[in-house]
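Asks: Just so we're on the same page, this note's numbering is the position in the sequence shown counted from 1, plus 21.
Let me give you the structure first, and then I'll get to my questions.
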Amino acid sequence: MNDLMSFLACPLCRGSLTSVGVNRVECLSCKAAYPVKDGIPILLPPKLDQFKVLEAEFHSNEADYFAERAHRFSYRVSRYHDDYLTCFSSYQEGAVVFVVGGGGGLEACRLKDMGLTVIESDIAVGMVKRARRRAVDDGQNARAVFVVCDAEQLPCPDQSLDAILIVGALHHLPSPGRFFAAANRALKPGGQLVIGFEPNRWPYYTVMPVLKFFSRMLHPYRKINPGEISIGDMETKGFVETDFESFIRAEGLKKVSLQRIWYLGGFVHLAILYINSKRPAERMIDLPIALQRALVACDDFLSRIPLLRRFCWHWTLVAQRPYTDNGL
22 MNDLMSFLAC PLCRGSLTSV GVNRVECLSC KAAYPVKDGI PILLPPKLDQ
72 FKVLEAEFHS NEADYFAERA HRFSYRVSRY HDDYLTCFSS YQEGAVVFVV
122 GGGGGLEACR LKDMGLTVIE SDIAVGMVKR ARRRAVDDGQ NARAVFVVCD
172 AEQLPCPDQS LDAILIVGAL HHLPSPGRFF AAANRALKPG GQLVIGFEPN
222 RWPYYTVMPV LKFFSRMLHP YRKINPGEIS IGDMETKGFV ETDFESFIRA
272 EGLKKVSLQR IWYLGGFVHL AILYINSKRP AERMIDLPIA LQRALVACDD
322 FLSRIPLLRR FCWHWTLVAQ RPYTDNGL
């Protein structure tokens, strides 16, 4: 455990951590103590917002089936994951990548295949345990550090990371701006922040209200219990391009690219998610691969049409911490 502590730091003061027995780690600076469960440090602040508590509960409950229900293995989804993972292809072996909100560890597996050292994190204990099981099954656990943490208080030393990857999780944070600040602090000069699959805003003012209306009509007496839904998904309004520009500008980061993804694919994905929400995990359906490839090709074409390209469903952002304060 002590070997792994060199990659991590106290989320409160960013002091060095040391193991105290097998069930606790302690900060050498502020003396804060954190539990260790099944070998996984739980580096969460003493008081966690109720929003975050509910998010952690929901995603722990979904840990075993989340990747399947989100169709992470489908070509129409994985093709775009492949796009942002190419950002890491030139990294030197052993470079340290912090995966924030990493869920079951699919991206982390790809990064470890590239020879990178990966800190796999999530606020949900169940997700981190699922990621570790995947790493052990694939024989990759030697290249990984597993930790439960709050994305807005990254538990790592200043300027210690070569890159940070967060996929489909920024909109689950109460304060995305605080995450950008934490990422900027933790990145080395020249380090990259890669943000994948974040929702655009327009569907939340057009498509989503219509779906919610029909859902209330069809299920007027349905009661949703805490932990049964993702509060982040329910309360988010998505992002527009100026939101990302504001986050970047506030931290002095440099925008490398902002990719617009999913057009027709967004409608198709939403429909399939709804159908599969009523089916057990082993009976979920998807489009034939030929149709998925045609859909991706169509979306790529739409992304080049000046007016229509504004109506993407998701964004992928790549930003970089400048090598010096003036960005040179």
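A virtual CB, placed ideally from N, CA and C, is assigned to each residue, including glycine.
Return the Cβ separation of Gly253 and Glu76 in integer angstroms, given the expectation that the two are a contact with Cβ distance under 8 Å.
Replies: 6 Å
Asks: At the level of alpha carbons, what is the spacing between Ala340 and Gly123?
Replies: 19 Å
Asks: On the three-state DSSP scale, how would you describe Tyr284?
Replies: Three-state result, Tyr284: coil.
Asks: Provide the residue(s) that pair with Trp336 in DSSP beta bridges, ordered along the chain.
Replies: Its beta-bridge partners are Glu219, Arg281.
Asks: Report the CB separation of Asp171 from Lys209 in whole angstroms; it is logged as a contact under 8 Å.
Replies: Lys209 and Asp171 do not touch by the CB rule: their CB atoms are close to 22 Å apart, not below 8 Å.
Asks: Let me know if Glu114 comes out buried or exposed under the rule of 16 or more other beta-carbons within 10 Å of its beta-carbon.
Replies: exposed
Asks: Can you name, in chain order, every residue of its own chain whose Cβ lies under 7 Å from the Cβ of Lys258, other than the five neighbours on each side?
Replies: Arg222, Tyr225
Asks: Candidates Lys52, Ser37, Ser50, Pro56: which alpha carbon is nearest Val43's?
Replies: Pro56
Asks: Please classify Ser27 as buried or exposed, where buried requires at least 16 other C-beta atoms within 10 Å of its C-beta.
Replies: So Ser27 ends up on the exposed side.
Asks: From the DSSP output, in three-state form, read off Asn23 for me.
Replies: Residue placement at Asn23 cannot be trusted, given a pLDDT of 45 that sits under 50; what the coordinates show is reported in the next sentence. Looking at Asn23 - three-state DSSP - the assignment turns out to be helix.
Asks: Is Phe119 near Ser251, with beta carbons less than 8 Å apart?
Replies: Not closer than 8 Å, so no.
Asks: Using a Cβ-Cβ cut-off of 8 Å (strictly less than) and excluding sequence neighbours within five positions of Ile306, which residues of its own chain qualify?
Replies: Ile293, Ile296, Asn297, Arg300
Asks: Classify Gln313 as buried or exposed, calling it buried when 16 or more other Cβ atoms lie within 10 Å of its own Cβ.
Replies: buried
Asks: With DSSP run on the structure shown, which of helix, strand or coil describes Glu173?
Replies: coil
Asks: Under the DSSP definition of a beta bridge, which residues are partnered with Phe167?
Replies: Glu141
Asks: Please work out which residues of its chain come closer than 6 Å, Cβ to Cβ, to Pro315, disregarding the five sequence neighbours upstream and downstream, and give them in chain order.
Replies: Checking the sequence shown, residue 315 turns out to be Ala, not Pro. None.
Asks: Our contact map puts Cys362 next to Val215 with C-beta atoms below 8 Å; I'd like the distance itself, whole angstroms only.
Replies: Lying outside 22 to 349, the shown extent of the chain, residue 362 is not represented and no answer is given.
Asks: Using the C-alpha atoms, what's the distance from Val289 back to Phe332?
Replies: 15 Å
Asks: Any idea what DSSP makes of Arg330, helix, strand or coil?
Replies: helix
Asks: What residue from Asn205, Arg154, Gly273 has the CA that sits closest to Ala84's CA?
Replies: Arg154
Asks: Going by C-alpha distance, which of Lys275, Leu328, Gln71 is nearest Leu194?
Replies: Gln71
Asks: Measuring straight from C-alpha to C-alpha, what distance separates Cys177 and Ala207?
Replies: Straight-line Cα distance between these residues: approximately 7 Å.
Asks: Once the 5 residues before and after Tyr96 are set aside, which same chain residues still bring their CB inside 8 Å of it?
Replies: Ile310, Gln313, Arg314, Val317
Asks: Rounding to the nearest angstrom, what Cα-Cα distance links Val146 and Arg330 in this structure?
Replies: 38 Å
Asks: Taking Val117 as the reference, which of Ile185, Gly125, Asp104 has the closest Cα?
Replies: Val117 has its Cα closest to that of Ile185, out of Ile185, Gly125, Asp104.
Asks: Helix or strand or just coil, what does DSSP make of Glu256?
Replies: Glu256 falls in the helix class under three-state DSSP.
Asks: State the CB to CB distance for the pair Leu279 and Trp334, rounded to an integer number of angstroms; the pair is presumed to be in contact (CB under 8 Å).
Replies: In fact, because the Cβ distance is near 14 Å, the residues do not count as touching under 8 Å.
Asks: Out of curiosity, what's the CA-to-CA distance linking Tyr284 and Glu47?
Replies: 48 Å
Asks: Give, in chain order, every unbroken run of the alpha helix (DSSP H) that is at least 4 residues long and sits entirely within the region 96–165.
Replies: 96–106, 127–134, 146–158
Asks: According to DSSP, which residues form a beta bridge with Cys48?
Replies: Partner(s): Leu38.
Asks: Helix, strand or coil: which one does DSSP assign to Val188?
Replies: Three-state result, Val188: strand.
Asks: In three-state terms, what does DSSP make of Leu349?
Replies: Interpretation of Leu349 is limited by its pLDDT of 42, a score under 50 that renders its predicted location unreliable; no figure is taken from the coordinates.
Asks: Exposed or buried, what is Gln213 when buried is set at 16 or more other beta-carbons lying within 10 Å of its beta-carbon?
Replies: buried
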